[in-house]
Structure formats: C-alpha cells, structure tokens
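Residue numbers (this note's numbering), protein chains in the order written: chain L, 6 to 329; chain V, 21 to 467.
Here you go:
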C-alpha cells in the first residue's frame, strides 16, 4: 500500500473530490479537502507527491494554495484544475504557483490520469534525489541578496521583442550589455540560440503581428534548460494555458512592462537557472506536455527556425546523463 | 451665411423720398400702383435713412378739416416717424426679434433695410412672418429627424447593454456549468470502466455456474475458475466500492439537475421578447436571478432571503429578471470583501414589493441623485455602460411600478421595487409599508 504515491485534491465542491477519488483510488493514496488551509497543513505533515487544486474557493484561492505549497513542500508537483480560465488565475498560477499543468474542467479521465501519473513519477524522483543531496541553497540566497547585475554574472539573456523598451530596461538593470542579445525577429533569435548557451529568454508572444508561441513551446521541448519569460499584452486565455502546458513558461509578464516585476522575475529566473545547474534533477519539473497536433504546430514554424531548433536540440546536454 | 438666411432676401428696392419732398408729393406717390402694397415710405437724406412716413399717419392728416391745405405744402419731415431699420446682413431670426420689439402696433409701417447704414430698400413685416414660418417648418423637420435618430441610437444602446450583460451572464454560467460537467463526465468514465470489470466478472461467474452444473465435474477447472472469480470480485468488496459507486450516480444526477436548472434560468433571461405573462411568481424570478448571478455572488456574499407570500403578477419576467440581476450584481460589487445581501418580498394593498439590500460601501448623497441617469457610472471606463440602472428604472416604470433607493456610507444600500398587481388601475402610491424615505439603512428582519 505504502508504495502508492500520494495525491491531494483541493476543491470546494465535494462531488468533484468524490469523483476524482474514485478515479485515482486504484493507483494513488488519495487525500481530499475542501479547505485550502487544511491542505497546507496536510502538506506539512506528510509527503504529498502531487497537489491538484481548484482555483475559485471560499477561503483561499487556488493560486494562494499553490504558492503556500511551494514554500512548505517544494518537491510536490503542483497542478491547477479549474472551470474558470480568467487571466489573473492563469498569470498567478505561473508566477506564484509555478505549476506543472493547468487543467480545465471538464477534463477527460484518461488525460488527467496520464498527466497526474507523470507528475507523480517526477515527484518521486525529485524526492529521492533531494534526500541523497539535501541542498539548502535557496534559504541561503534569501539571507543576503546580491544585486541583480551580480546575480546575472555569466548568464546570457536573449530578448525577443520588436519594441526597444524591454531591452532597454533589462540593459539598465543588468548593466553588462555584452551578455544581452536583442532580436527583433524570430529567425535572428533562434540563430543566436543555436550558437550560444542562453539561460533566459525574455520574449513577446507576437512578433511582426504573428503568434510565435509555437516556436517558444518547441524551444522548451528541445532545450528545457532555457527559462522563458513571456511578455504579452494580448489576453487570449487559451493560448496562455497552452504556453504553460506545452511551453512551461517560467513567468508571464503583462505589458506594458512593470520594471519591478521584470526585475523580480529575472532574478527568480537566474536563481532558478543556477539551482537547476546545481541540481539537474530539477529540470524534470519543466517537462512539457507532448503536443497533440504535432503537425499543425510544425506548420507554424518556418523551416529556417526549425533548422535552428534542431541545432539547439543537438547542443543541449543529454538529459539522461544529467538526470539520475 | 447664405442670402436666404439673412434679411437681404426680403429686400424690396423701393425708391426713397427726400426730406424736402412735400406732404402732397408723398400722398400722390402712395396712390401710384408701384407703392400700393406698401404701408410706408422711407425718407432718405444723402443715402442715410432719416425716418418713415406711414400711409396711416398721412391719412390721419388728410382726414382732418383743412388738413390738406394746412400740411400739403409742408416738407414731409413734419409728419415722419422714426424708422425701424436693420442691416441686410442680419440673420432673419435676430432681425425678426429686433423688429417685433421695436415696431409700432397695430402694424402700420414697413421696416428699412440698410447696408453699412446706407439705405438699400424696405422689407414687409408679412414677408418676414412668412420667412420665419418657413424656417420653423424646416427646423421642425430637422428636429424630428434628430429625435428619430436619437431614439434609434438609444434603442441600440439599450440593446447593446442587454447584450453586454447577457454576454457576461453567459460566460459566468458557462463557467458555472464546468464544475458539474467535470464530475458528471468523470463519474460516467469511472463507472464505465467499472462496468467493464463487472461485465467480465459476470461472464466468469456464468462460466463458474456452467462448470458447477456440468455432468462431469472438472475439479481442476472449477478450482481455477473459483479463484479467478474471487480475485476479480475483490476490488468490489474492498473500500465499499459499490456504495461509492452509488454515490457517484447520485452525484451525477444532482449535477445534471444543476446544469439543467442553470440552462432553464438562462432561457428565462435570454427571451428577447417582452411579452407580459400572467401568473408570474416574483419570488421565483428572484431565485432565477440569484442562480444566474451565482458566479458573482458565490464566494463573497451570503444571501438572506426573507420571502413573503406573493400573489401572481402579470408582468414580463425576462425584463424583471434583468432588473433583479442588475441590482444583485451591483450589490455584490458594492461589497468589497465579504458581506450580506438581504432580499425581502411582501404584498399589500394591490402591490408587490421587493427590497434588495446589501452591506456594501454605500452610495454618497451627491452620487445617489444621479444613479438612475443614463450613462452615469462610477465604474472605470470600459467596465460599465452606465445604463444598467437607468434601464432598470425604465422597466419598472413600464410596469407602472416604482423603484426607490436609500443608502448610508459604510453601511449599505437598499433598493425598493414596488409593482402594482393591476397596472391599469394603479393607485397613486404604494401602501405605507413600502416607504423608503429615511436614509437610514438598517438590517431587515423577517415579519
């Protein structure tokens, strides 16, 4: 019995909980609660591999539960399961909850099973890896925060945006402009990515009036080391959700750019990048969902960019070596 | 300015008389055909009008005894009066105002038209009247055209407000449906899976029976089958699986009912016709508005219903639902964190009354005067059309009813809607139990 992974569902509708419990009973140790605070208590007391939370609940929102969960149980994989896809929830779930997947209600049982089982596998591996090499570097970072330009030391950043303001703000923050590359179009950006080891990509979703989320998603699939910060002024919730599930976007930054938020997000990305270098198993958290319509996605990427993407994949350090 | 709009269009180029002309000369002139339609003649000295001699004044002199003999040789200036003169560039309206103010009554003279103070001709009051009449007619046409297009755009605005609130409502309800849809679908999939297991178990069970009933008993096969059946039925025995399944069925039915209720309520709202229906239960309208607005209310508002017994009302339920939903969402928006909405209904003296009261932030006195005005809104640009309450007001008015409001900052706001049972013979005012004259908002109590 004890070899079953533990899953915790939080939803204010008990019928949802009963239903999910029946679905996962066979393969998981299923815990449920209607109260976010109780969920946090449960996370403190025992190992929970996967946490699935609803967004709209009376006492604590899903984003709040996920954010707290990140603090009290960092190895737990976090998922949001919601019938409301409002922008605040989507942005919050990424920026604060750092979720693995965003699942819409109603869901298909086979799909949710596959996602949750994958998440559980990752959590189990993360758990055993962190036991063998306990690292407290996150706590150490908080004590004395270096300036962002120190933090950026040696990390390469790519900015993909037609407007100059994004690049200008980042240059002002980091000062070391030789490590920042500014591309105004997709081809230039991916050519650069195929030649340099870039840590962080800060990109707009629309370039030359085209949606470039397909190459962004593929980039993450081919090179999960790169952390993407997505700037966007358009509010198509469906495509943002896809950027989470298929692109593991690290942060969403609404436009016009808020300098403080950009700085905070960049800093978090830099720290996370270094943490991933120290503990490569963390990479697993960012495994993207396999695209369902692989062909139609490929159609939206030009051959040139696809060529660069293949080079990027070839450059990537073999993940099977990195991950135990 | 076009000539047609100025006094120039009325100019009659009449030769003027000089101040030195005698009374007799002028009398002769009045008798000629050229001047027979004129009431007066202008007297002009070196281009500048100096006065006017009216036919009436001349007649007065001639009718006197020896008038002709006494005055005939005198210069006409002896009898002249001051001329009412206007510049030819003057617009007709302004000139008309000036002339009516200054001309003598009864009308016995014409007016003089000048250009830069120089004489150009005379104008006839009757022509001025005709010109004015034409202009009024034109103006009326323009006005009624403007009125028509205003009415159309207002109807469009009302429609777009309705579509906007409908769109919001549909989005909210769609989200609301996702939750029951989520578990109903999952339950069906789970039970479908279990049904597969049940079917397989049943088949194996039948094989077991067949083995038992066989004439020659194959003990090995029987033992194997027995083990298989017992193994397959194990999951059904553990953890009260069958009971849980029963719960899933119950939940699914509940979920389906929830969905159909939402859809039914949505239908009540979306009817775009405004047909009046008999036998409408206002309490039910309120419930349906509450259900549709659940999305906005659920997590921040406790709704306390104090429904009284109401007689059936003849009204347009889809319109009144719109009013109730509008008031309920406003109430929810007035509540910043968490609060209460009280809904009270009662009937008396041929009226049905509804109060919707919230524990929200309240409305300031200078704002409350304007809340029913079209386009008045306190919401940020793009969030409210400012038409919600003005449309609500109109709808209640069309039902011969009344809508009133009382509010207290920091305490909340209370709306009272009173609807007559018989709109054809409305008493002037609803009964005294439906007063809302004090601006004190106190928590309602059940009667």
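Glycine included, C-beta positions come from ideal geometry on N, C-alpha and C. Fair warning: this is a prediction, and the values are worked out from it, not measured in the lab.
Counting only the same chain and skipping the five closest in sequence on each side, list residues whose C-beta sits under 6 Å from that of residue i.
i, result
"residue 358 (chain V)", "320"
"residue 225 (chain L)", "252, 253, 293"
"residue 64 (chain V)", "36, 139"
"residue 346 (chain V)", "408, 412"
"residue 443 (chain V)", "420"
"residue 372 (chain V)", "302, 330, 333, 439"
"residue 206 (chain L)", "163, 231, 233"
"residue 75 (chain V)", "50, 59"
"residue 178 (chain L)", "153, 268"
Decide if residue i is buried, meaning its Cβ has at least 16 other Cβ atoms within 10 Å, or exposed.
i, result
"residue 294 (chain L)", "buried"
"residue 435 (chain V)", "buried"
"residue 299 (chain V)", "exposed"
"residue 213 (chain L)", "exposed"
"residue 167 (chain V)", "exposed"
"residue 103 (chain L)", "buried"
"residue 202 (chain V)", "buried"
"residue 85 (chain L)", "buried"
"residue 355 (chain L)", "Within the shown structure, residues of chain L are numbered from 6 to 329, placing residue 355 (chain L) beyond reach of any answer."
"residue 179 (chain V)", "exposed"
"residue 188 (chain L)", "buried"
"residue 143 (chain V)", "buried"
"residue 415 (chain V)", "buried"
"residue 429 (chain V)", "exposed"
"residue 94 (chain V)", "exposed"
Does DSSP classify residue i as helix, strand or coil?
i, result
"residue 252 (chain L)", "coil"
"residue 240 (chain L)", "coil"
"residue 277 (chain V)", "helix"
"residue 160 (chain L)", "coil"
"residue 406 (chain V)", "coil"
"residue 277 (chain L)", "helix"
"residue 152 (chain L)", "coil"
"residue 256 (chain V)", "helix"
"residue 270 (chain L)", "helix"
"residue 468 (chain V)", "With chain V covering 21 to 467 only, the question about residue 468 (chain V) has no answer from this structure."
"residue 207 (chain L)", "strand"
"residue 370 (chain V)", "coil"
"residue 291 (chain L)", "helix"
"residue 201 (chain L)", "coil"
"residue 10 (chain L)", "coil"
Out of the options, which has the shortest C-alpha to C-alpha gap to residue i?
i, options, result
"residue 297 (chain L)", "L:266, L:162, L:319, L:222", "L:222"
"residue 24 (chain V)", "V:75, V:44, V:288, V:152", "V:152"
"residue 113 (chain V)", "V:26, V:362, V:97", "V:26"
"residue 271 (chain V)", "V:236, V:257, V:326, V:206", "V:206"
"residue 115 (chain L)", "V:209, V:159, V:179, V:200", "V:209"
"residue 193 (chain V)", "V:278, V:374, V:84", "V:278"
"residue 258 (chain L)", "L:290, L:220, L:111, L:208", "L:208"
"residue 219 (chain L)", "L:171, L:34, L:305", "L:305"
"residue 157 (chain L)", "L:8, L:270, L:42", "L:270"
"residue 363 (chain V)", "V:370, V:265, V:351", "V:351"
"residue 42 (chain L)", "L:71, L:34, L:54", "L:71"
"residue 274 (chain V)", "V:312, V:122, V:200, V:262", "V:200"
"residue 310 (chain L)", "L:29, L:190, L:280, L:277", "L:190"
With a threshold of 8 Å between beta carbons, is residue i in contact with chain B?
i, result
"residue 98 (chain L)", "This model lacks chain B altogether; the protein chains it does include are L and V."
CB-CB under 8 Å to residue i, same chain, minus the five flanking residues each way: which ones, in chain order?
i, result
"residue 164 (chain V)", "none"
"residue 252 (chain V)", "217, 220, 221, 224"
"residue 51 (chain L)", "11"
"residue 77 (chain L)", "45, 48, 49"
"residue 243 (chain L)", "90"
"residue 268 (chain V)", "207, 210, 211"
Kindly list the residues whose CB is nearer than 7 Å to the CB of residue i, restricted to its own chain and excluding five residues on each side of it in sequence; keep chain order.
i, result
"residue 355 (chain V)", "320, 321, 378, 379, 380"
"residue 87 (chain V)", "81"
"residue 313 (chain L)", "195, 196, 198, 199"
"residue 309 (chain V)", "341, 344, 345, 348"
"residue 63 (chain L)", "17"
Runs of alpha helix (DSSP H) lying entirely within the region 85–156 of chain V, each at least 4 residues, in chain order: 87–91, 112–122
Beta strand (DSSP E) runs wholly inside the region 18–59 of chain L, at least 3 long, in chain order: 34–38, 55–58
Whole runs of the alpha helix (DSSP H) within the region 49–89 of chain V, excluding any shorter than 4 residues: 75–83
Ordered list of alpha helix (DSSP H) runs contained in the region 72–133 of chain L, each at least 4 residues: 92–100
Contiguous beta strand (DSSP E) assignments of at least 3 residues, all confined to the region 333–367 of chain V: 333–335
Runs of beta strand (DSSP E) lying entirely within the region 212–250 of chain V, each at least 3 residues, in chain order: none
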